[in-house]
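J.: Questions regarding the structure given below will be posed in turn.
Chains as they are written, first to last, in the numbering used here: chain G, 1 to 391; chain V, 1001 to 1111.
Quick look at the structure:
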């Protein structure tokens, strides 16, 4: 179709009985561009901060496999995506000027031909969500690292993931993924991210704690180089350093690298080692063995086991069993169903370590409990149980 | 991805109802109408025999315009979701919510 002329525009104005003197001189003649009906354009509503990120040249990535709901990831945040319908028609028009822009440019010509690039009656809405990181551990647990002597590693390269692999498979932002890799003590071996097999990890830890003991080093000042020297013949130096980094806090003193060993984390790991060998333990027996098993100078406390083990105070004698929060479902409702399946009634103190990670940005544990649980009093103590009957 | 260079700024025009092609060949190339602004900055859209009055709205939450990059489907684990490019940003919309005023083109004279 031929483009409209200014004369045609003026005739239309006359017919519409609009006074050109009351209008800005420029008119936009809107027509549909060649791709307009194609449906290749869609709209994404931006949460605060994302617009600035895009303008600064950063990328947003949509991630999700066929069986997952799509999420949008910025450099450091993750958002759920949902389609929002409107009853109106939204047309997207490039090169369309606002009155301010027209007034600011008095020399602008009096006819602008604008092509509508596309139209839609819906758009993607974003809602900040927790990064979906459970899959990260699941992938890395497909093939935990057993040490250099393990036969497995030499033959297979499947189920091993590079940074790029993880970025494309995990529905989380890059920063959230890297943070989680640190939290789970993953390390890079020959270009692949690996989690250590727990038994191998304990073997390494044991080498280190025995050396600390035989050298009488203070737990707060374990020197890196002598460790590598002494243990380098038993295990790869990278693994020795990795275990020190995982279970200690690195610092430099007078040019030398030292580690302040993390008592809580070491005690917790040793507890896991003891607890994983049986369904449950007599609590007092466990506490005795546990204290005897940790390095000299360290003190065990039950609060070190939050999110790892649960004490059953109702049994006689009291018992303790392994319950790892990372083994529980990631979805809120499924998590609560699982917890109430394990125990019918929970105190807030007991359940908090197992739901803390579900809290959204400004959400509290109390808010979660209000939403997913029902409270009642039991022997003068407030307890929470399921909102629905558990079959 | 955002890509290099400044992102284009587009404008959203929001209309009530549906866009239906008049011709059977579809929408591409067909005219929608003339968009004017009054001296006070009120957008006026003439569509067919209707005048629509609207207002300029600065969007609290801007939009990004995503364009699907088609092409050979790759056997990548990322699946079908990953191939979008941000083409433009939209921070302003022209909202036409008032009922269209019909343009009367012929008034029969009273005898």
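Just so it is clear, CB atoms sit at the ideal spot from N, CA and C, and this is done for glycine as well. Computed from a prediction, not measured in an experiment: that's the story for all the values here.
Which residues in the same chain as residue 320(G) place their Cβ atom closer than 6 Å to its Cβ, once the five residues preceding and following it in sequence are excluded?
T.: Around residue 320(G): 281, 283, 286, 309 and 311.
J.: If you check the beta carbons only, do residue 84(G) and residue 125(G) fall under 8 Å apart?
T.: Yes.
J.: How far does the beta strand (DSSP E) with residue 1085(V) in it reach, from first residue to last?
T.: Residue 1085(V) -> beta strand (DSSP E) spans 1084-1096.
J.: Please return the same chain residues whose Cβ sits closer than 7 Å to the Cβ of residue 207(G), not counting the five positions on each side in sequence.
T.: So the list reads 231, 234 and 235, once near-sequence residues are dropped.
J.: Identify whether residue 20(G) lies in helix, strand or coil by the three-state DSSP scheme.
T.: Helix at residue 20(G).
J.: Applying a beta-carbon distance threshold of less than 7 Å, which residues of chain G neighbour residue 1041(V)?
T.: Ordered by position in chain G, the residues that pass the 7 Å Cβ test against residue 1041(V) are 99.
J.: Taking Cβ positions only, does residue 109(G) come closer than 8 Å to chain V?
T.: Answer no: the Cβ-Cβ gap between residue 109(G) and chain V never drops below 8 Å.
J.: Can you say whether residue 246(G) is buried or exposed, counting buried as having 16 or more other CB atoms within 10 angstroms of its CB?
T.: Under this definition residue 246(G) is a buried residue.
J.: Less than 8 Å between CB atoms is the rule here; does residue 40(G) satisfy it with respect to chain V?
T.: It does: the Cβ of residue 40(G) has a partner Cβ on chain V nearer than 8 Å.
J.: Once DSSP output is grouped into helix, strand and coil, what is the label at residue 1074(V)?
T.: Confidence at residue 1074(V) is low in this model, with a pLDDT of 41, below 50, so the placement of that residue should be treated as unreliable; the coordinate-derived value is given next. It is coil, neither helix nor strand.
J.: With residue 31(G) as the anchor, note down where its beta strand (DSSP E) starts and where it stops.
T.: Looking at the DSSP string, the run of the beta strand (DSSP E) that includes residue 31(G) is 27-32.
J.: List, in order along the chain, the chain G residues whose C-beta lies closer than 7 Å to that of residue 1017(V)?
T.: Those are 89, listed as they occur along chain G.
J.: Taking all protein chains shown into account, decide if residue 183(G) is buried (16 or more other Cβ within 10 angstroms of its Cβ) or exposed.
T.: Exposed: under 16 other Cβ atoms inside 10 Å.
J.: In its own chain, which residues sit with a C-beta less than 7 Å from the C-beta of residue 33(G), not counting the 5 before and 5 after it?
T.: These residues qualify, in order along the chain: 115, 116 and 117.
J.: Pick out whichever of 133(G), 110(G), 43(G) and 100(G) has its Cα sitting closest to the Cα of residue 329(G).
T.: Ranking the options by Cα distance to residue 329(G), first place goes to 133(G).
J.: Go ahead and label residue 177(G) buried or exposed: buried means 16 or more other beta carbons lie within 10 angstroms of its beta carbon, across all protein chains shown.
T.: Buried, because 16 or more other Cβ atoms sit within 10 Å of the Cβ of residue 177(G).
J.: Taking only beta-carbon positions, decide if residue 16(G) is within less than 8 Å of chain V.
T.: For residue 16(G), the answer is yes, since a Cβ of chain V falls inside 8 Å of its Cβ.
J.: Count the other C-beta atoms from every protein chain shown that fall within 10 angstroms of the C-beta of residue 131(G), then say buried if there are 16 or more, exposed otherwise.
T.: Buried: at least 16 other Cβ atoms inside 10 Å.
J.: Output the boundary residues of the alpha helix (DSSP H) element that contains residue 243(G).
T.: 237-247 is the span of the alpha helix (DSSP H), which, as asked, contains residue 243(G).
J.: Looking at chain V, is there any beta carbon in it that lies within less than 8 Å of the beta carbon of residue 36(G)?
T.: Output row for residue 36(G): interface = yes.
J.: Touch check for the segment 343-357 of chain G and the segment 379-386 of chain G: three-plus C-beta pairs under 8 Å?
T.: Touching, yes.
J.: Please list the terminal residues of the continuous alpha helix (DSSP H) segment that includes residue 338(G).
T.: From DSSP, the alpha helix (DSSP H) with residue 338(G) extends over 332-342.
J.: Mind pulling the chain G residues with CB within less than 7 Å of residue 1033(V)?
T.: Result: 30.
J.: By the 10 Å Cβ neighbour count, where 16 or more other Cβ atoms means buried, how is residue 63(G) classified, buried or exposed?
T.: With 16 or more Cβ atoms within 10 Å of its Cβ, residue 63(G) is classed as buried.
J.: Do the CB positions of residue 1118(V) and residue 1065(V) come within less than 8 Å of each other?
T.: Nothing in the structure corresponds to residue 1118(V), since chain V is present only between 1001 and 1111.
J.: Can you list, in chain order, the residues of its chain whose CB lies under 6 Å from that of residue 372(G), leaving out five sequence neighbours each side?
T.: Closer than 6 Å at Cβ, skipping near neighbours: 336.
J.: Assuming the contact rule is C-beta atoms closer than 8 Å, residue 1063(V) and residue 123(G) should be a hit. Round their C-beta distance to whole Å, please.
T.: Sure, about 7 Å apart at Cβ, within 8 Å.
J.: Near residue 47(G), what residues of its chain come up, given a Cβ to Cβ distance below 7 Å and the 5 sequence neighbours on each side ignored?
T.: Correct list, in chain order: 79, 126 and 128.
J.: Residue 1076(V) to residue 193(G), Cα distance in whole Å?
T.: Unreliable placement is indicated for residue 1076(V), whose pLDDT of 39 sits below 50; the coordinate value is still reported in the next sentence. Those two C-alpha atoms are separated by around 19 Å.
J.: Buried or exposed: which applies to residue 378(G), given that a residue is buried once 16 or more other Cβ atoms fall within 10 Å of its Cβ?
T.: So residue 378(G) ends up on the exposed side.
J.: In the structure shown, what three-state DSSP assignment does residue 134(G) receive?
T.: Helix at residue 134(G).
J.: What distance in whole Å lies between the Cβ atoms of residue 1037(V) and residue 24(G), which are believed to be in contact at a cut-off of 8 Å?
T.: Yes, they are in contact, since the Cβ atoms of residue 24(G) and residue 1037(V) sit about 5 Å apart, within 8 Å.
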